Amino acid sequence: MGADPDEELVRRIGAGDPAAVQAMVARKLPRILALARRMLGDAAEAEDVAQETFVRIWRHASGWRQKGARFDTWVHRVALNLCYDRLRRRREWTTDELPEVADETPLPDALPGDEERRVGQALLRIAPRQREAIVLVYYQDLSNIEAASAMQVSVDALESLLARGRRALQAMLIGDDGDD
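All residue numbers for the sequence shown refer to my numbering, where the first residue is 3 and numbers rise by one.
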């Protein structure tokens with residue numbers, strides 16, 4: 003495995019260099035936010051996940067050592083674990099009171115294209131592991147090897163998840179066309 007492009011920055015963070023923390027946030031924040039948004043479908047929760055991811059980077063930087071995976075792969079795994087924690091909490095949340103219903107209509111300048119919105123909604127409805135595989139490979143631009151490492155599965159298992167996820171998305175998107 004070649005040199006990790008983040009290794010020097012991680013070492014500097016571990017040594018308490020504030021400029022290194024800023025550089026790491028600038029380097030990783032957009033991708034972590036995008037990953038969390040696609041996994042959770044909620045921008046505010048995605049920001050919370052990104053913040054907690056960077057707290058963990060800061061806490062663990064001094065002890066991080068490359069052990070067969072790049073730092074970027076570890077960061078993706080941390081963010082994914084935090085997303086799964088939030089998804090589990092959503093399922094476990096119960097109350098006797100109904101929440102107030104907020105106006106979820108996006109502002110006109112925040113409206114994504116219809117196709118992007120449809121794909122995003124369909125992505126949230128497929129199996130979580132399939133969604134994770136698709137997000138890592140197609141949205142985070144990780145190679146199959148990197149995505150498999152982040153998911154802690156074999157490349158064959160990742161490719162199976164990708165194929166099933168693509169089929170599920172296709173079926174949903176084609177099915178949505180008939181609903182209009």
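Every residue gets a Cβ at the ideal spot worked out from N, C-alpha and C, and that includes glycine. Only a predicted model underlies this, so the values are computations on that prediction, with no experimental measurement involved.
Inset, instruction - Could you give the DSSP three-state label for Leu144: helix, strand or coil? - result: Reading the sequence shown from its first residue, position 142 is the one you call residue 144. The three-state secondary structure of Leu144, taken from DSSP, is coil.
Inset, instruction - Rounded to whole angstroms, what's the CA-CA distance from Gly43 to Leu164? Just pull it up for me. - result: Mapped onto the sequence shown, residue 43 falls at position 41. Mapped onto the sequence shown, residue 164 falls at position 162. For Gly43 and Leu164, the distance between alpha carbons rounds to 19 Å.
Legend entry - Start-to-end residues for the alpha helix (DSSP H) that takes in Ile34: Looking up residue 34 in the sequence shown gives position 32. Here the alpha helix (DSSP H) through Ile34 covers Pro20 to Leu42.
Inset, instruction - Check whether the Cβ atoms of Asn146 and Val139 lie closer than 8 Å to each other. - result: Stepping through the sequence shown from its first residue, residue 146 is reached at position 144. Stepping through the sequence shown from its first residue, residue 139 is reached at position 137. One thing to note: Asn146 has its Cβ within 8 Å of the Cβ of Val139.
Inset, instruction - Indicate whether Phe56 and Glu9 have their beta-carbon atoms separated by less than 8 Å. - result: As a working mapping, residue 56 is identified with position 54 in the sequence shown. As a working mapping, residue 9 is identified with position 7 in the sequence shown. It is not a contact, given that the beta carbons lie outside the stated cut-off.
Legend entry - Straight-line Cα distance separating Val121 from Leu113: In the sequence shown, the residue the question calls residue 113 occupies position 111. In the sequence shown, the residue the question calls residue 121 occupies position 119. Residue confidence for Leu113 is low, a pLDDT of 43 falling below 50, so the modelled location carries little weight and cannot support an answer.
Inset, instruction - Assuming Ala173 and Gln132 form a contact by the criterion Cβ under 8 Å, report the distance between their Cβ atoms to the nearest whole angstrom. - result: Locating residue 173 in the sequence shown gives position 171, where the first residue counts as 1. Locating residue 132 in the sequence shown gives position 130, where the first residue counts as 1. About 12 Å; that fails the 8 Å criterion.
Inset, instruction - From the DSSP output, in three-state form, read off Trp60 for me. - result: Locating residue 60 in the sequence shown gives position 58, counting from the first residue. If DSSP states are grouped into helix, strand and coil, Trp60 belongs with the helices.
Inset, instruction - Could you pull the start and end residues of the alpha helix (DSSP H) that Ala135 belongs to? - result: By 1-based counting over the sequence shown, the position of residue 135 is 133. Its alpha helix (DSSP H) spans residues Pro130 to Ile136.
Legend entry - Arg39, buried or exposed, once every other Cβ within 10 Å from all chains shown has been counted against 16: Stepping through the sequence shown from its first residue, residue 39 is reached at position 37. Counting the other CB atoms within 10 Å of its CB gives Arg39 a total of 16 or more, which places it among the buried residues.
Inset, instruction - Would you kindly report the start and end of the unbroken alpha helix (DSSP H) that includes Asp6? - result: Within the sequence shown, residue 6 is the residue found at index 4, counting from 1. No alpha helix (DSSP H) contains Asp6, which DSSP labels as neither H nor E.
Inset, instruction - State the CB to CB distance for the pair Glu148 and Met41, rounded to an integer number of angstroms; the pair is presumed to be in contact (CB under 8 Å). - result: If you number the sequence shown from 1, residue 148 lands on position 146. If you number the sequence shown from 1, residue 41 lands on position 39. Between Glu148 and Met41, the beta carbon gap of about 17 Å keeps them out of contact (Cβ cut-off 8 Å).
Legend entry - Assigned secondary structure, Trp76 (DSSP; H/G/I helix, E/B strand, else coil): Within the sequence shown, the letter at position 74 stands for residue 76. For Trp76, the secondary structure class from DSSP, reduced to helix, strand or coil, is helix.
Legend entry - Proximity to Arg33 [Cα-Cα], best of His78, Ala45 and Ala63: Position 31 of the sequence shown, counted from the first residue, corresponds to residue 33. Measuring C-alpha to C-alpha distances from Arg33 to each of His78, Ala45 and Ala63 identifies His78 as the nearest.
Inset, instruction - Give the straight-line distance between the Cα atoms of Arg92 and Asp158, rounded to the nearest whole angstrom. - result: Within the sequence shown, numbered from 1, the residue matching residue 92 stands at position 90. Within the sequence shown, numbered from 1, the residue matching residue 158 stands at position 156. So the two alpha carbons sit approximately 31 Å from each other.
Inset, instruction - Ignore the nearest five residues each way along the sequence and tell me which others in Gly16's own chain have a CB closer than 6 Å to its CB. - result: Here the question's residue 16 lines up with position 14 in the sequence shown. Cβ neighbours of Gly16 beyond the five flanking positions: Ala63 and Ser64.
Inset, instruction - Using only alpha-carbon positions, find the residue among Val23, Leu144 and Glu47 that is nearest to Ala71. - result: Reading the sequence shown from its first residue, position 69 is the one you call residue 71. The shortest C-alpha separation from Ala71 is found at Leu144.
Inset, instruction - Give every residue of the same chain whose Cβ lies closer than 6 Å to the Cβ of Glu47, excluding the five residues on either side of it in the sequence, and list them in chain order. - result: Residue mapping note: residue 47 aligns to position 45 of the sequence shown, counting from 1. Once the five neighbours on either side are set aside, the close Cβ partners of Glu47 are Arg88.
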